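Protein chains in written order, with our numbering: chain A, 30 to 821; chain B, 934 to 1086. We treat Cβ as the ideally placed atom computed from N, Cα and C, and that holds for glycine. Nothing here was measured: the structure is a model prediction, and the numbers come from that model. Presented below is the structure to which this report refers.
Structural data, given as structure tokens:
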């Protein structure tokens, strides 16, 4: 039987999506449901003086209206930060309370203060207009650069500072810098983004008055975690009385990791009003209240020798948490950022110092790449600047500082198990026709255009693990994953995973690996996820962890199945276990033609009566049935890496940047399904290009989000891209039996510096911030023209 | 309330609906055809594209009552006798979808493109699909799927 790992198998999930049969949360309706509309703060910062619901309560169709007072009365807990980060001085981080409905203060535009439940959506909307909230407006803290000098927005949190974190050794860095020939300095911002999964967030909640069980359908990347938080911290109801189902979910990119206000409120309220509740976000609500991403200001310095060797690196970063600290909010700018900030280079000394601060803006949390795009942007931009200042080629300076031996002890934290950065960059150089760039530049110039080429080499740390380490670093949970593999008596297999697909294709790839392990046809394997009542507790999907952690749990459960089935097969075949070999779905007795298929063995396990003269196929002490589970906690993160090269062409008359060529060479170790992996890379690159060229979440000085619709927030469209050229190298991960590394975030990590290095190359080294919009680039082109004229 | 008579995926529909019911709401909430998705509130995302009398429109931009007498096709109405439309097949073959949310709109829009242009170039496909946002695929395999479908239709 040919191995399915490595095959371009078409996706199991496609048929339902392509025929309109997908079942997303907003597609679900429950008889007798009410409709929820949340009343949200129109101010970035204010005190709630009074909420008057009296008129709204009398409006047509209104079932109930609940506020923060009701939340407090019922002692419903708030949203939490999942990681406790300590400051350099050893003090604990400072987090404000974040009740599901604000009672006393609102801290960003969109912060919910009340909720209306009505018989129809129109009635809920009409009644919501009648709720009168009396606010005392306060001056909003919006500018990230000025936050620490501004008035504290949360009681007891001085300077709006959550923590002041250090990773690395300041003294060693100072010594390295003292020895340097040159110090390269760079000030950059990592622009704030809005993840924008195409499916807006939603929840549909049903309370069963007989069993007292709450069922919450929701748009989540990790339904088990949502249940845990809602139960343990929200106090909504005990875990065994709460079922969270994340059915088909239309993209997440990090924005659906968090449990949100609306899910807690609707779950709690459904029990209170004894009615089902449906809430679906409008797109503007998504813009205002989904967690945002990135938003750093960084000063970085790189110490180099005149011949381009790196001696040391440091960065001072201010990271925006928004109004509240959420699940991955505090770890994203620290342990997901700092360790990767020295990039793929041998760096004798380094530190990252991050101040995470609160502002009156939407909470900031993980967005595709989470911390690693910010780290990679910092190092890859400063390395390019070093190349410019030293008069070196950007590929030459990178090659000069790559590690050549693996495992590679990276400067700050990671022990990188495998990689070959030289091979990746060589391949990207060749595929992109790097050497032909000068001719292409000339051609562009002949047409009055500016042309630039940009290079990035990156590594990232994903499949975040192992649990003892992450918990030591402050994580509130272990980051393992669960799997359960069940044979039905008639031979089909159901695989349950604690991870969750919201586009990543688990139904397909997980069935591929299980098919290989069990020798059962791909068609006969179903993958089930996303329902806390069906599968075992699991940690969900984020940080490119599904395959490297969840996939391995499936393999381990399959191995247990084979172990048991082999015992049973041996008994059935009247052979000793040692004589029986399992291959391609069959148990075969060595040097004989005696064999049993795994299907026959599974059947026997469920019907362990007389069979083939054997009294019972079950060896003494074995239980009937064929079902196994496994929890996998990897020994380390996985460390994908790669080299991306882009070319842009700029029209100096309009400032328009056209992305003309994009080449990506990535090393994801073993690839289970090349088609799916390519799709992940395409999508990641597109989001990275969006960050570099078009996307920006912008608040005005009053804290109003002025990019709160697709008319204002520039999502990349089909005509913004060339065809990406992809290539792969392969060094297998040594920390999991498949040799796989995460692939989901690579594109969004590598693309922003690749594009910006190209834009800056086209602008003759002139610094420009993301996004490189036509307006900014046009201004830069005018500056360039001026300075060129002066030089002439 | 207004009375609306439509043919939706070959079925006659005769309903009394509130005047302000937009087509996407009629399809999803009244006819339970939830394959048509709503991804925004400014007619930008294109997840709700359906065919009205054979032409693609964003169903969030039309009042259902104004379309009385029209023939509407949604993503649910494309497959014939259990066999998917060549465009649906092409999206599957070329991995033109990931989370599937924008997919119905993409497919409906792409079919209309091929009605107008049987053999579109990459840039013509990208240009046409400018009104459909996908956050997952980077559009590359969507373009490949439309070309694949063009070669089969």
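Requested in this report: With 9 Å as the threshold, decide whether the Cβ of residue 981(B) is near any Cβ in chain A.
Outcome: no
Query raised in the report: Can you list, in chain order, the residues of the stretch 404-422 of chain A whose Cβ is nearer than 9 Å to any Cβ on chain B?
Result: For chain B, none of the residues of the stretch 404-422 of chain A brings a beta carbon within less than 9 Å of one of its beta carbons.
**Report entry** Limits of the alpha helix (DSSP H) - the one that residue 1042(B) falls within
**Finding:** Per DSSP, residue 1042(B) is one residue of the alpha helix (DSSP H) stretching across 1036-1049.
**Report entry** chain B contact residues for residue 739(A), given Cβ-Cβ distances below 8 Å
**Finding:** 973, 975, 977, 978 and 1066
Report task. Would you kindly check if the distance between the Cβ of residue 570(A) and the Cβ of residue 251(A) is under 9 Å? Result -> yes
Requested in this report: Quick one: which unbroken alpha helix (DSSP H) runs of 4-plus residues sit fully inside the stretch 234-310 of chain A? Chain order, please.
Outcome: 252-261 and 290-302
Query raised in the report: When the cut-off is 9 Å and only beta carbons count, does residue 1081(B) lie next to chain D?
Result: No chain D appears in the structure shown, which is made up of the protein chains A and B.
Query raised in the report: Taking the alpha-carbon positions, what's the residue 988(B) to residue 1045(B) distance?
Result: Between residue 988(B) and residue 1045(B), the C-alpha separation is close to 6 Å.
Query raised in the report: According to DSSP, what are the bridge partners of residue 414(A)?
Result: Its beta-bridge partners do not exist; DSSP assigns none.
Requested in this report: Taking residue 409(A) and residue 366(A) to be in contact with their CB atoms under 8 Å, please state how far apart those CB atoms are, rounded to whole angstroms.
Outcome: The Cβ separation is near 14 Å, so there is no contact.
**Report entry** Assigned exposure category for residue 37(A) - 16 Cβ within 10 Å defines buried
**Finding:** exposed
Query raised in the report: Distance, Cα to Cα, residue 1043(B) vs residue 248(A)?
Result: 28 Å
**Report entry** chain B contact for residue 317(A) (CB, 9 Å cutoff)
**Finding:** Judged by the 9 Å Cβ criterion, residue 317(A) is not in contact with chain B.
Query raised in the report: Start and end of the beta strand (DSSP E) containing residue 939(B)?
Result: 935-941
**Report entry** Which of helix, strand or coil DSSP assigns to residue 323(A)
**Finding:** strand
**Report entry** Selection of the stretch 33-57 of chain A by Cβ proximity to chain B, strictly under 9 Å
**Finding:** If the cut-off is 9 Å between Cβ atoms, the stretch 33-57 of chain A has 37, 39, 40, 42, 43, 44, 45, 46, 47, 48, 49, 50, 51, 52, 53, 55, 56 and 57 near chain B.
Query raised in the report: So, helix, strand or coil for residue 509(A), using DSSP?
Result: Correct three-state label for residue 509(A): coil.
Query - DSSP bridge partner residues for residue 134(A) (one or two, in chain order) - result: 76(A)
**Report entry** Cα-Cα separation, residue 394(A) to residue 608(A)
**Finding:** Distance between the alpha carbons of residue 394(A) and residue 608(A) is about 54 Å.
Requested in this report: Excluding the 5 residues preceding and the 5 following residue 165(A) in the sequence, name in chain order all residues of the same chain whose CB lies nearer than 7 Å to its CB.
Outcome: Closer than 7 Å at Cβ, skipping near neighbours: 75, 76 and 78.
Query - Residues within the stretch 250-279 of chain A neighbouring chain B, beta-carbon criterion of under 8 Å - result: Going along the stretch 250-279 of chain A in chain order, one finds 277, 278 and 279 with a Cβ nearer than 8 Å to chain B.
Query raised in the report: What residues from chain A crowd round residue 1094(B), counting only those whose CB sits closer than 9 Å?
Result: No answer is possible for residue 1094(B): the residues shown for chain B start at 934 and end at 1086.
Report task. With distances taken Cα to Cα, identify the nearest neighbour of residue 399(A) among 670(A), 136(A), 573(A) and 684(A). Result -> 573(A)
Report task. Check whether the Cβ atoms of residue 783(A) and residue 673(A) sit closer than 9 Å, and answer yes or no. Result -> yes
Query raised in the report: Taking a cut of 7 Å between CB atoms, which residues from the stretch 486-507 of chain A lie near chain B?
Result: none
Requested in this report: Determine the direct distance from the alpha carbon of residue 211(A) to that of residue 819(A), and round the result to whole angstroms.
Outcome: 27 Å
Query - Three-state secondary structure (DSSP) of residue 88(A) - result: coil
Query - Host beta strand (DSSP E) of residue 47(A) (start-end) - result: Counting along the chain, residue 47(A) falls outside any beta strand (DSSP E), though it belongs to the alpha helix (DSSP H) covering 43-47.
Requested in this report: For chain B, find out if any of its Cβ atoms is closer than 9 Å to the Cβ of residue 570(A); answer yes or no.
Outcome: no
**Report entry** Run of the alpha helix (DSSP H) containing residue 470(A), from where it starts to where it stops
**Finding:** In the DSSP assignment, residue 470(A) falls within the alpha helix (DSSP H) that extends over 466-475.
Query raised in the report: Closest by CA to residue 439(A), which one among 193(A), 114(A), 668(A) and 743(A)?
Result: 668(A)
Report task. Note down the Cα distance separating residue 725(A) from residue 309(A), rounded to an integer number of angstroms. Result -> 25 Å
Query raised in the report: Can you find at least 3 beta carbon pairs, one from the stretch 676-684 of chain A and one from the stretch 476-486 of chain A, that sit closer than 8 Å?
Result: yes
Query raised in the report: From residue 378(A) to residue 34(A), what does the alpha carbon distance come to, in whole angstroms?
Result: 41 Å
Requested in this report: Would you please verify whether the beta carbon of residue 163(A) is less than 9 Å from any beta carbon of chain B?
Outcome: no
Requested in this report: Count the C-beta pairs between the stretch 189-197 of chain A and the stretch 309-318 of chain A that are closer than 8 Å, then say yes if the count reaches three, no if not.
Outcome: Too few Cβ pairs lie closer than 8 Å, so no.
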